[in-house]
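Some notes on the structure that comes next.
Number of protein chains: 6
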Amino acid sequence: MRLQHATWQEVEAYLAHSRGIIVPIGSTEQHGPNGLVGTDALCPESIAWALGEQHGVLVGPTQAIGMAQHHLAFPGTISLRPSTLVAVLRDTIESLARHGFTHVFFINGHGGNIATVKAAFAEVYSERSLRGSHSAESPLALGLFNWFMGRRGRELAAKLYADDEGYHATASEVSLAWYAAGTEKPVAMSPRVAPNGSAECDAETFRQRFPDGRMGSDPSLSSARHGERFLALGVEDAWEAYQAFLGDTPAG
Amino acid sequence: MRLQHATWQEVEAYLAHSRGIIVPIGSTEQHGPNGLVGTDALCPESIAWALGEQHGVLVGPTQAIGMAQHHLAFPGTISLRPSTLVAVLRDTIESLARHGFTHVFFINGHGGNIATVKAAFAEVYSERSLRGSHSAESPLALGLFNWFMGRRGRELAAKLYADDEGYHATASEVSLAWYAAGTEKPVAMSPRVAPNGSAECDAETFRQRFPDGRMGSDPSLSSARHGERFLALGVEDAWEAYQAFLGDTPAG
Amino acid sequence: MRLQHATWQEVEAYLAHSRGIIVPIGSTEQHGPNGLVGTDALCPESIAWALGEQHGVLVGPTQAIGMAQHHLAFPGTISLRPSTLVAVLRDTIESLARHGFTHVFFINGHGGNIATVKAAFAEVYSERSLRGSHSAESPLALGLFNWFMGRRGRELAAKLYADDEGYHATASEVSLAWYAAGTEKPVAMSPRVAPNGSAECDAETFRQRFPDGRMGSDPSLSSARHGERFLALGVEDAWEAYQAFLGDTPAG
Amino acid sequence: MRLQHATWQEVEAYLAHSRGIIVPIGSTEQHGPNGLVGTDALCPESIAWALGEQHGVLVGPTQAIGMAQHHLAFPGTISLRPSTLVAVLRDTIESLARHGFTHVFFINGHGGNIATVKAAFAEVYSERSLRGSHSAESPLALGLFNWFMGRRGRELAAKLYADDEGYHATASEVSLAWYAAGTEKPVAMSPRVAPNGSAECDAETFRQRFPDGRMGSDPSLSSARHGERFLALGVEDAWEAYQAFLGDTPAG
Amino acid sequence: MRLQHATWQEVEAYLAHSRGIIVPIGSTEQHGPNGLVGTDALCPESIAWALGEQHGVLVGPTQAIGMAQHHLAFPGTISLRPSTLVAVLRDTIESLARHGFTHVFFINGHGGNIATVKAAFAEVYSERSLRGSHSAESPLALGLFNWFMGRRGRELAAKLYADDEGYHATASEVSLAWYAAGTEKPVAMSPRVAPNGSAECDAETFRQRFPDGRMGSDPSLSSARHGERFLALGVEDAWEAYQAFLGDTPAG
Amino acid sequence: MRLQHATWQEVEAYLAHSRGIIVPIGSTEQHGPNGLVGTDALCPESIAWALGEQHGVLVGPTQAIGMAQHHLAFPGTISLRPSTLVAVLRDTIESLARHGFTHVFFINGHGGNIATVKAAFAEVYSERSLRGSHSAESPLALGLFNWFMGRRGRELAAKLYADDEGYHATASEVSLAWYAAGTEKPVAMSPRVAPNGSAECDAETFRQRFPDGRMGSDPSLSSARHGERFLALGVEDAWEAYQAFLGDTPAG
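Residue numbers (the working numbering), protein chains in the order written: chain A, 65 to 316; chain B, 65 to 316; chain C, 65 to 316; chain D, 65 to 316; chain E, 65 to 316; chain F, 65 to 316.
Structure below.
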């Protein structure tokens with residue numbers, strides 16, 4: 065069930081039997097010559113929506129903009145400062161906790177978000193931990209699942225693309241986003257496989273290192289048909305992780 | 065053209081002939097017994113997407129969560145503090161300005177966002193205005209269009225619902241969101257028309273005043289078929305406003 | 065009763081019979097060739113002081129600096145960033161709520177403050193709304209009255225100045241500020257009526273659009289004698305609004 | 065010349081011959097049984113206004129609310145958090161520097177403001193100092209003068225009240241504020257001289273230590289006639305300090 | 065060379081031949097029954113100091129407090145909120161960059177810091193990336209090395225403790241901190257090996273899961289003599305990483 | 065007892081008989097041609113450690129970086145913005161209060177920290193004072209002792225150096241830091257005694273005024289042997305102040 069398509073009374077009914085919710089989080093950033101700017105949001109969103117439908121889990125609105133400062137030298141990239149993204153996630157989590165959700169599970173599509181999402185979790189926990197046992201608050205567990213690290217998806221990528229999968233604008237994520245968006249954008253790559261290196265730098269440095277935006281990948285191997293398979297496996301990976309997460313019992 | 069579905073090179077090509085972009089902004093909040101939680105995001109998003117397609121305007125990712133603190137006593141509502149939303153909009157605008165966009169036009173679906181969006185514009189302008197003429201920055205114009213105030217849409221609502229249109233969970237927005245989401249949720253209303261009053265209060269007070277979440281409306285009059293008509297008129301209203309906005313020339 | 069002139073024991077006695085307080089808020093910004101930089105603070109302050117005396121309402125210290133970034137290209141303008149003004153209003157309101165005030169009523173003299181003041185109210189309410197029903201806090205109602213939108217004052221301005229009243233450095237506010245400050249500064253206007261346009265822009269753009277600072281007005285029509293009449297009507301308008309506001313009952 | 069009563073063109077003319085401005089800063093806080101809540105703002109404001117008139121110095125709007133957290137257990141006190149006051153002073157100073165003011169001189173009426181004002185100065189300087197010599201900014205000197213520490217005023221207080229002057233709600237400041245407000249509020253004190261102790265504590269502790277709000281003072285000795293003398297000496301003290309401050313030459 | 069023990073002229077001389085500096089960062093948090101509260105700071109600090117001496121690298125002051133919210137239910141733990149630690153690292157890095165340092169290398173002793181340190185790096189880069197190519201700033205590379213993940217140290221821990229090394233209050237870090245502090249605190253462990261689980265939770269939950277503070281470790285195996293060996297290997301690991309980092313060339 | 069060298073169980077035992085803790089705070093900034101960059105941290109740290117050992121007081125980790133913006137034109141200086149240092153101290157104090165510490169005593173080595181530390185105390189108190197008597201929090205007293213203002217130390221400095229002690233890079237602090245660091249750095253001074261003036265300015269202005277970083281001092285008179293004597297007297301001064309501070313009883 066998508067929160068955006070539910071009424072508040074349907075949410076109330078959902079809360080009577082489950083305290084868990086899934087929130088997709090991505091990024092709006094360049095993904096090389098043939099990848100969509102929205103790739104990192106489209107991938108976790110499509111997985112979350114399919115999972116929500118198959119398993120009756122509530123899915124919140126996608127956080128489509130993430131921490132993408134290193135991609136800002138490419139047109140179309142939008143980035144939140146880490147401090148801004150921490151505030152967004154804090155308010156989102158506090159709103160959900162206010163309604164009685166105890167397990168908030170983020171499905172993430174962007175490696176560059178991981179540190180900031182974890183810092184945001186720690187910011188939320190800090191308020192509770194500093195207050196100590198005087199706190200009257202209900203328990204809260206926060207989970208982060210990076211779909212691109214799921215076992216099943218990794219195995220398929222290895223089988224389809226071997227070393228040409230790469231690290232940014234990967235063949236797998238370009239495929240899944242194409243499938244989710246119902247499009248394909250065939251572009252010839254030059255060089256076929258992009259250079260590798262560290263993405264932990266500012267935007268000018270990043271563009272110097274990775275002139276067309278790709279990192280170590282050959283996404284000319286991508287196809288929407290592949291994307292369909294990544295979606296199915298992504299749902300299995302995420303569902304497994306979500307079920308384990310629900311078993312995580314915070315102090316109350 | 066949706067930014068999420070474009071490559072960075074397509075954005076680069078777009079910038080060669082236009083410096084304007086449209087960003088939908090909404091809210092994730094209760095909309096009464098039959099309205100969708102995502103109503104305020106779905107409405108401007110569907111208008112922006114249709115406008116973008118018809119007129120070749122680039123449309124950024126939807127800011128689905130807005131300032132909805134007064135709705136927090138109803139399950140499903142997610143709200144950003146005004147200070148958080150200001151930071152989000154500042155980072156979004158600064159990212160776009162970095163690429164050379166000079167006209168950023170927000171299509172808004174939520175009355176409760178207006179004050180904070182305007183404060184965010186002033187926050188962005190403040191940095192430039194405090195620096196004075198030493199600033200090397202390019203000109204920047206920020207626009208806000210509230211679709212629910214568009215002339216054509218207002219006229220249709222008056223014709224279809226007269227005084228039962230109301231102020232929150234209105235018959236028109238419920239219709240448009242149903243059409244956008246491809247759903248209808250018929251629910252009997254009691255009382256048929258909801259009470260009126262001020263929404264400028266905290267969440268507990270709001271719920272006391274408006275027990276089922278509606279303000280002055282009878283959205284049992286809504287239908288997806290109506291929504292289709294509101295979409296068409298919303299695009300006309302927004303396109304007219306966007307064209308006027310592009311004529312707004314900031315100092316450079 | 066002016067808070068600045070009261071002892072704390074007088075405030076304590078006041079609180080025994082009333083939980084309402086009035087706070088004037090203005091701006092320190094250019095007001096054209098003959099208008100005072102303090103116009104937007106002097107107007108609501110003089111109204112609040114007169115109202116306080118006539119009706120025994122406590123009046124807090126004037127917030128003389130507001131959000132005036134668009135006027136910063138004219139010497140003498142002082143502006144708070146929206147985020148700063150939100151913090152000031154939050155601390156002011158929290159201090160008053162701490163003493164048991166439940167109704168804080170701002171009389172405002174500056175259109176450019178409206179969005180930020182409303183965002184500040186929402187910021188204060190957000191804290192309460194996010195805490196939910198666990199909150200032990202007392203009820204709180206926040207009101208904003210823009211004196212320049214009062215019915216009686218509008219009618220007098222229409223009668224005296226018709227279309228030459230304008231939108232900034234208006235004939236009416238220049239008159240009232242002159243009366244409040246006990247001064248008149250006759251200056252010939254050229255052009256007689258200033259150009260119109262949007263003030264939602266940065267400071268350089270504003271000065272380009274409005275070279276002498278006025279927007280659509282001819283304040284050479286102003287006089288302190290007019291100001292005296294605007295003061296009397298402003299008090300009537302504000303008193304009516306304040307009484308209605310006291311009837312606004314938040315949840316407790 | 066009071067900025068509030070000037071036009072922007074008068075400010076422009078002033079800047080042609082002087083780059084200095086005076087800003088009064090006070091507090092809104094209890095001042096014992098017979099002292100005005102606005103004492104700490106009224107004192108520096110009346111000194112600044114008189115100085116401005118006598119010596120042709122521009123005087124900005126009074127910052128009437130300061131850092132008064134320790135007085136919050138007494139009704140009527142309004143306090144800004146230090147972080148808020150730092151932001152207010154930063155924006156005020158940056159606005160003035162934007163117009164070309166190089167010397168901003170605060171006349172302060174509240175001991176509890178000193179640390180925060182100095183922290184605010186350091187916050188403003190930090191931005192410049194971190195940017196280093198690449199900075200294109202004009203020089204900036206920030207001054208703080210505490211009127212209650214002026215030599216001439218101290219001597220008169222010692223002569224009139226000896227040890228009964230005290231540390232808060234002092235006989236001298238109550239006198240000056242009475243004179244400035246045109247009022248006298250005779251109240252019998254019990255004990256005649258208030259207890260002494262540290263004010264660096266929270267509000268509950270402060271009220272426990274100083275039950276009627278006074279610290280070490282007997283303000284029943286105060287009179288408006290005394291206040292008139294403190295005003296004259298305060299102007300002399302402040303003028304001497306301001307002239308010395310203008311000789312302070314920052315790097316440009 | 066330790067910065068704390070250098071004069072500014074010695075730093076100036078150092079900058080003439082090297083633009084790199086090492087900053088130890090740790091945490092002040094419980095480390096089980098026999099581990100020191102300062103373990104996470106003592107470990108990277110002792111490695112940095114020894115490396116600095118052996119290889120002539122400048123070592124800045126240790127950031128002894130980190131992000132340790134999950135340990136706050138144990139007395140002695142001090143934690144910075146992530147947002148605070150981000151600000152500290154931003155100011156530290158900006159200060160160093162001001163002097164011409166282009167490579168700032170953090171040696172970290174606490175897993176819980178990693179996300180926040182990376183978010184802080186991104187916060188610093190964001191300012192530069194948002195400004196774009198107009199920026200006049202010098203290049204900047206930021207590095208993070210977690211001593212406890214160094215290859216040589218890992219191998220020794222595996223050899224000495226096998227699976228009893230654990231994840232918090234590990235046998236290796238307790239040994240190194242003992243050696244650095246010149247102390248040993250033999251305490252019997254019960255159970256001998258602590259339970260395992262996730263540390264991503266609030267403080268109350270953490271203490272419930274890990275009653276004596278250890279995670280999966282048996283630090284009764286620790287000894288200062290082991291610590292001496294971990295120090296030597298830690299220096300080798302860090303030196304290798306630092307040299308690689310200096311080869312990282314940001315855009316200038 | 066140093067917190068860094070204690071286990072959490074030792075801290076727990078300490079809390080059973082004392083609720084006070086000492087935290088050294090300094091700065092990382094130039095101290096003239098022969099003074100150590102870490103002088104302001106080394107001095108209070110060595111005093112705190114010796115005091116802690118002699119009197120069994122718990123000593124927290126040293127805050128080695130302070131507010132030193134005015135020294136940033138000299139290589140090696142690291143400065144926190146006042147707003148950052150306020151956040152650091154707030155989190156440190158809240159962490160300690162969480163464990164039941166009621167008296168937190170900072171021994172400070174840097175005059176430039178005083179305003180910001182006091183602002184930080186006020187920031188912490190503000191949260192409590194704004195909440196009012198509804199607050200369930202335990203009492204909290206915050207103390208600041210500037211070792212360089214201790215009576216015994218002042219007397220020795222006057223005897224050894226008379227007027228050549230100076231105001232920054234003083235002969236006494238250089239001596240104590242040399243003793244603490246086990247080093248001496250003899251450098252000839254020219255001029256022998258540095259110029260005097262105000263340090264309340266930005267970094268460029270400071271360096272113009274004080275070309276080698278000293279203010280009014282002749283630290284060529286310094287010696288580690290002197291430092292040993294300043295340490296002993298500093299411990300006596302601080303111990304006296306700490307005992308008085310423990311007698312300070314906040315409301316509970």
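Virtual Cβ for every residue (Gly too), placed ideally from N, Cα, C.
Treat the numbers as computed from the prediction; the structure is a model and nothing was measured.
Cross-chain neighbours of residue i in chain C, by beta carbon under 7 Å
i, result
"R145 of chain D", "D155"
Start-to-end residues for the beta strand (DSSP E) that takes in residue i
i, result
"G298 of chain F", "Per DSSP, G298 of chain F belongs to no beta strand (DSSP E); it is in the alpha helix (DSSP H), A288 to L310."
"H167 of chain D", "H167 to N172"
Reduced DSSP secondary structure (H/G/I, E/B, other) of residue i
i, result
"N177 of chain D", "helix"
"P331 of chain B", "Since the first residue of chain B shown is 65 and the last is 316, residue 331 of chain B is not available in this structure."
"P88 of chain A", "strand"
"M279 of chain A", "strand"
"F185 of chain F", "helix"
"A205 of chain D", "strand"
"I129 of chain F", "coil"
"V123 of chain B", "strand"
"R192 of chain F", "helix"
"G116 of chain D", "helix"
Amino acids of chain E, ordered along the chain, whose beta-carbon sits closer than 8 Å to that of residue i
i, result
"S159 of chain B", "L194"
Neighbouring residues, chain A, relative to residue i (Cβ below 9 Å)
i, result
"P314 of chain E", "C265, D266, E268, T269 and Q272"
Proximal chain A residues relative to residue i, where beta-carbon distance stays under 8 Å
i, result
"Q133 of chain E", "A186, Y189, S190, S193 and L194"
Neighbour list for residue i in chain A, Cβ cutoff strictly below 7 Å
i, result
"R83 of chain F", "Those within 7 Å of R83 of chain F in chain A number zero; the least Cβ separation is about 15 Å."
Chain-ordered chain B contacts of residue i [CB-CB under 9 Å]
i, result
"V181 of chain A", "In chain order: nothing, as chain B lies at least about 16 Å away."
"L136 of chain C", "S190, S193, L194 and G196"
Limits of the unbroken alpha helix (DSSP H) element including residue i
i, result
"F270 of chain B", "A267 to R273"
"G217 of chain B", "R215 to Y225"
"L144 of chain A", "Element bounds for L144 of chain A: n/a, residue is neither H nor E."
"W72 of chain D", "W72 to L79"
"E237 of chain C", "A235 to A245"
Within chain C, the residues that residue i reaches when beta carbons sit closer than 9 Å
i, result
"S162 of chain A", "The residue you asked about is not Ser; residue 162 of chain A is Arg in the sequence shown. S193, L194, R195 and G196, listed in chain order."
For residue j and residue i, believed in contact at Cβ under 8 Å, the rounded distance
i, j, result
"P203 of chain D", "P314 of chain D", "4 Å"
Proximal chain D residues relative to residue i, where beta-carbon distance stays under 7 Å
i, result
"V152 of chain C", "L144, T148 and V152"
Under 9 Å from the C-beta of residue i: neighbouring residues of chain I
i, result
"S91 of chain A", "Chain labels in this structure do not include chain I; the protein chains are A, B, C, D, E and F."
Per-residue contacts from residue i into chain C (C-beta, under 8 Å)
i, result
"A174 of chain D", "The sequence given here has His at residue 174 of chain D, not Ala. Residues of chain C passing the Cβ test: none, with the nearest at roughly 13 Å."
Answer yes if the region 71 to 90 of chain F comes into contact with the region 158 to 174 of chain F, meaning at least three C-beta pairs across the two stretches below 8 Å, and no otherwise.
yes
With a threshold of 8 Å, are at least 3 pairs of Cβ atoms found where one atom belongs to the region 120 to 140 of chain B and the other to the region 175 to 191 of chain B?
yes
Using 8 Å as the cut-off, can you tell me whether the region 260 to 273 of chain D makes contact with the region 135 to 149 of chain D, which would need three or more C-beta pairs spanning the two stretches below that distance?
yes
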